[in-house]
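See structure below.
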Amino acid sequence: MIDVMIYIHIPFCDSKCLYCNFVSGIYDEYLKKQYFKKINEEIKFNANIDYHITSIYIGGGTPSSVDSKYILEILKNIFELYYVDKNAEITIETNPASLTSDKLLDYKRGKINRLSIGVQSLNNKCLKVIGRKHTKKMALKAITLAQKYGFHNINTDVLIGIPKQNFFVLKSTIKRLVKAKVTHISAYMLINEPNTPLTNMIESQKVKVVDEDKCVKYYNKIVMFLKKRDFKRYEVSNFAKNNYECKHNIGYWQCENYLGFGVSSHSYLLGERYYNTSNIKEYLQSDFVYNKNKLSVNEKIEEFIMLGLRTKYGINIEKLKKLGYDVLSRKKQEIVMLVKNGFIKISNGCLVVCEDKFGVLNQIILKLLP
Amino acid sequence: MTEKLKNIRNFCIIAHIDHGKSTLADRLIEKTGTVSTRDMSDQILDSMELERERGITIKLTPTRMFYNYNGEEYILNLIDTPGHVDFTYEVSRSLAACEGAILIVDASQGVEAQTIANTYLAVDNNLEILPVINKIDLPSADVVKCRKEIEDVLGIYAEDCPAISAKDGINIDDVLNQIIERIPAPKGEENAPLKALIFDSLYDNFKGAICFVRVFDGFVKAGDKIKMMKVGKTYEVTEVGVFTPKMKPTDTLYCGDVGYICASIKNLSDTKVGDTITNADNPTAEPLPGYKDVQPVVFSGIFPVDGAKYQELKDALEKLKLNDASLKFSPETSIALGFGFRCGFLGLLHMEIITERLEREFNLDIITTAPSVSYNVYKTNGEVIEVSNPSMLPPPAEIERIEEPMIKLDVYTPPNYVGAVMELCQDKRGEFIDMQYIEKTRVVLKYHMPLAEMIYDFFDSLKSRTKGYASLDYDVYGFAPSELVRLDILLNGEPCDALSMIIHKDKAYGRGRQIAEKLKKIIPRQLFEIPIQACIGGKVIARETVSAMRKDVLAKCYGGDISRKRKLLEKQKAGKKRMRQFGSVELPAETFISILKTDDND
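Chains A and B are the protein sequences, given in the same order.
Residue 38 in my numbering sits at position 38 of the first sequence, and the numbers go up by one each step.
Residue 496 in my numbering sits at position 496 of the second sequence, and the numbers go up by one each step.
Printed below as a string of structure tokens:
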């Protein structure tokens, strides 16, 4: 029996946000029906009762935008065909605009025990500029409604660096979320991906981008603010109260096995990485013959470092040694320098990035790679 | 015996750069049927890729041609020469192996700086000079004026000199006929002991070091025991031959001949250009005068980007040296750049060419430090040392005075740029000596100037201020005391030896500021703030700061898509490979040469 996580990709949205460049969009009901038929086939195709499922994550897109019967069917199939741990963390991503009592009831019936709500901001001007279809009021209502239906493990996504967002606006959003008793906050810096409407607007100077140095300053202040309220930064962009860390998320960084189902989803199983097409039409024709790529020892070492350093648990020095890389002796000079200057610390046999230094993680990683 | 010598002509071609030397050489080769038309490529003597690309000749390449004149067959040995001022040394090597020189003058440009310099060299070597006016096909050609200029400026009779177009192959026979009529046949004693001058050498992986020789007395053939008179080593000859222009073995090389000798010479340094080869058992009494050992004037550190490639760089330099006796190098260790070499060059172009050849022909990634000259430092304890590496300059308290190499500079320019040229020369600490009108449209300005000023973009500035019309010639004539200081650059508080320079006190402040600003632009943001300081003797004269990197992280991981992160990291990793670690600071390889380009350009 091996531990495996499952990721389900739902590429559907009610509307496309102006900053989004992911595989997601607005499709008709017929295509949705076909898609769910296909994804259930994929779930069946890969079924293996030896897989011990430790977490399920339904992401997108906007999974809450589709009829909850589809979600229930997927979960039912997984429970039937795989061995799902009774304490498995089961998350669904939702949008305040489409989260209703009925859906929450269905999610509960489907054994979903964690909600991720795409709040992004609690400032209506900010929400508008990035094309979100909900308001501050709707977002707060979604949180209380979820709590009413027994969901207490709630994440909210927050964006930093939205045009028109100053620190005061950002801080009041975070403050209000803490007050609403969410247990987890994911805070991302807005990335202006090429060819999104927002980037085009910035390029044609219709909206003003927030200066990167300023964003970093905001971010560091938010880290301190959350720390005082018992939200610990356990990963680059993720903050949680004790015992509310997202297991699924941590699993990615600790090189756990995971199966991805649906268009553009990625899998990592027994040292092999593979992924589905990111074209939905192609996915519907797929015969699930994956193009698997076995990681070399060196790649494994690199990923172990690059992913492990993202979390507050860091990288286990002994484990790394077993993979064939004695980082302490090979990178002695670099480690001494990084420790001396407060970029990393060594605790419990692990190399850990200091809380306030996640912002330059890549540079730290580059110093430690073989 | 004299019969044999009577029908040999050894000559070279000299000219100002771009006056058509290589083109004429090609025409002569073609006309004498030395190379079949099928094998003709443009400028066949420019064998280096770099030479063809830039349209310049760097290495001299000998060629043997046959020409029938008045029913008699003549052997014509041509030694091609480079035209750029940096390669005067190579020219003098060619000259020593010849009895005559064809002097090419561009019919539209007239006598230029290098024409004069090379003519004097040829006269010094007692060569018969044969002027040829080239490019008569150009609409702006003025043959009459050109003849007059040759007579007035150079003092060479030019009334009946051939007027040709090498490009179009016009009047090439005139040139061949004059070579035979006017250039003297070589003299020499076939029965005397061997006396041959090494004028160049080449390394071949199979045959070892090959000597290019001109035999003055005696003869040499395979099996002979020979001795290098200066080096003092003896070898057994394995092969002798001539240049067709490809190397072709023959039985014997006789006096008067130009050819090559192979003798399984393993050690590159044993084929000293200018040395005399003689019989080991029956040596000649006096070696040939050879020619003066050339002194490099520009020095620079060359280091491998990848420190592990030190040995490869060493091998490459040794191979280049075999073909380029003027290249000097010795090991150097730098705190910032690790192990490398301090190299001496004839000039900036020479330096550029060597570095380019290292990169192209040997596929090496190298870092070059800003060029420097060699200073004479008089210490308070009476010692005198030569310093060509700024980091080797003793502390100011131990220095009594420093003298720097000075040049006599001649700038040739149309009169309307005299003001601009004078301003530039003044700015470069030049001392005005004289100004003469060569003719109505050409002026020569004479200056004494520190060589150090010359090597910093003087040539580029001159060209840009005179729209390319001015040309120059210079000669190092001696040393003069000067108020010089060492400008150090500190990165993160540590002096970076590879960025130090010796500079005139009055210029140090300005340059220090420029360099600090420049470095700020070049050095990428890193984990720490990096202070950049320009210092003279511990006193900070300029300061800039590269602020610490604020953000370099990949945020989200959508549905376990690790490959996206990997790709970005791979890219960053590759970028790091080209960086030099200096303490905790990472420096891009181009940092070290960029400080050169701080004058007018920014």
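Don't be surprised by glycine CBs; every beta carbon is placed ideally from N, CA and C.
All values derive from a computational prediction rather than experimental measurement.
Self-check item: For Glu453 (chain B) and Lys428 (chain B), the rounded distance between their alpha carbons
Solution: 6 Å
Practice problem: Would you kindly report the start and end of the unbroken beta strand (DSSP E) that includes His52 (chain A)? | Solution: Tyr51 to Gly60
Quiz item: Are at least three pairs of beta-carbons, each pair with one atom in the segment 333–346 of chain B and one in the segment 481–499 of chain B, less than 8 Å apart?
Solution: yes
Quiz item: Closest Cβ-Cβ distance between Gln165 (chain A) and chain B: below 9 Å?
Solution: no
Quiz item: Would you report the Cα separation of Ile354 (chain B) and Leu320 (chain B), rounded to the nearest angstrom?
Solution: 8 Å
Quiz prompt | For Asp315 (chain B) and Ile14 (chain B), the rounded distance between their alpha carbons | solution = 33 Å
Practice problem: Leaving out five residues on either side along the sequence, give the residues of the same chain with a beta carbon under 6 Å from the beta carbon of Gly55 (chain B). | Solution: Here Gly55 (chain B) scores only 48 on pLDDT, less than 50, and its place in the model should not be relied on; the value that follows carries that caveat. The answer is none, since no qualifying residue turns up.
Exercise. Along the beta strand (DSSP E) that carries Cys350 (chain A), what are the first and last residues, could you check?
Key: Cys350 to Val353
Self-check item: Amino acids of chain B, ordered along the chain, whose beta-carbon sits closer than 7 Å to that of Phe168 (chain A)
Solution: Correct list: empty, because the minimum Cβ distance to chain B is about 21 Å.
Exercise. Alpha carbon to alpha carbon, how far is Phe432 (chain B) from Glu181 (chain B)? Give it in angstroms, no decimals.
Key: 45 Å
Quiz prompt | Beta-carbon proximity of Cys255 (chain B) to Asp204 (chain B), cut-off 9 Å | solution = no
Quiz prompt | Cβ-Cβ distance between Ser391 (chain B) and Phe299 (chain B) below 9 Å | solution = no
Practice problem: With 9 Å as the limit, tell me which residues of the segment 526–539 of chain B have their beta carbon closer than that to any beta carbon of chain A; keep them in chain order. | Solution: Gln526, Leu527 and Phe528
Quiz item: Tell me, which residues are paired with Tyr447 (chain B) by DSSP?
Solution: B:Leu409 and B:Phe432
Quiz item: Hey, is the segment 186–195 of chain A in contact with the segment 205–220 of chain A, meaning 3+ C-beta pairs nearer than 8 Å?
Solution: yes
Quiz item: Mind checking if Met549 (chain B) is an interface residue toward chain A, Cβ cutoff 9 Å exclusive?
Solution: yes
Practice problem: On a CA-only basis, which of A:Arg176, A:Lys108 and A:Tyr70 is nearest Lys33 (chain A)? Give me that one, please. | Solution: A:Tyr70
Quiz item: For Asn362 (chain A), which of helix, strand or coil comes out of DSSP?
Solution: helix
Quiz item: Looking only at C-alpha atoms, which of A:Cys246, A:Cys17, A:Met5 and A:Ser64 sits nearest to Phe372 (chain A)?
Solution: Residue 372 (chain A) falls outside the range modelled here, since chain A spans only 1 to 370, and no answer is possible.
Practice problem: On a CA-only basis, which of B:Lys505, B:Lys463, B:Thr271 and B:Glu404 is nearest Met449 (chain B)? Give me that one, please. | Solution: B:Glu404
Quiz item: Which residues bound the beta strand (DSSP E) around Arg513 (chain B)?
Solution: Run containing Arg513 (chain B): none in the beta strand (DSSP E); it sits in the alpha helix (DSSP H), Lys505 to Ile522.
Quiz item: Could you give the C-beta distance for Asp137 (chain B) and Ile170 (chain B), rounded to a whole number, given that I count them as a contact under 8 Å?
Solution: 7 Å
Quiz item: If we call anything under 9 Å between Cβ atoms a contact, is Arg310 (chain A) one with Val339 (chain A)?
Solution: no
Quiz item: Is Leu122 (chain A) closer than 9 Å to Ala139 (chain A) when the C-beta atoms are compared?
Solution: yes
Exercise. Have a look at Glu355 (chain A) and Tyr313 (chain A) and give me their C-alpha separation to the nearest angstrom.
Key: 11 Å
Quiz item: Can you tell me the Cα-Cα spacing of Ile402 (chain B) and Leu445 (chain B), whole angstroms?
Solution: 28 Å
Practice problem: Please report how far the alpha carbon of Thr466 (chain B) lies from the alpha carbon of Leu76 (chain B), in whole angstroms. | Solution: 41 Å
Quiz prompt | Secondary structure of His9 (chain A), DSSP reduced to three states | solution = strand
Self-check item: chain B contact for Cys215 (chain A) (CB, 9 Å cutoff)
Solution: yes
Quiz item: Is it right to say Ala163 (chain B) is buried, meaning 16 or more other beta carbons lie within 10 angstroms of its own, or is it exposed?
Solution: buried
Practice problem: Figure out for me which residue from B:Phe459, B:Ala196, B:Gln311 and B:Thr271 has the closest Cα to the Cα of Cys98 (chain B). | Solution: B:Ala196
Quiz item: Do you know how far the Cα of Lys148 (chain A) is from the Cα of Asp561 (chain B)?
Solution: 34 Å
Quiz item: In terms of alpha-carbon separation, which member of A:Ser278, A:Tyr244, A:Ser265 and A:Gly262 lies closest to Ser116 (chain A)?
Solution: A:Tyr244
Quiz item: In three-state DSSP terms, what is Ser386 (chain A)?
Solution: In the structure as shown, chain A starts at 1 and stops at 370, and residue 386 (chain A) therefore has no counterpart that could be examined.
Practice problem: Inspect the CB distances between the segment 352–369 of chain B and the segment 584–595 of chain B and report whether three or more fall short of 8 Å. | Solution: yes
Exercise. Figure out for me which residue from A:Lys181, A:Met337, A:Leu320 and A:Pro370 has the closest Cα to the Cα of Arg393 (chain A).
Key: In the structure as shown, chain A starts at 1 and stops at 370, and residue 393 (chain A) therefore has no counterpart that could be examined.
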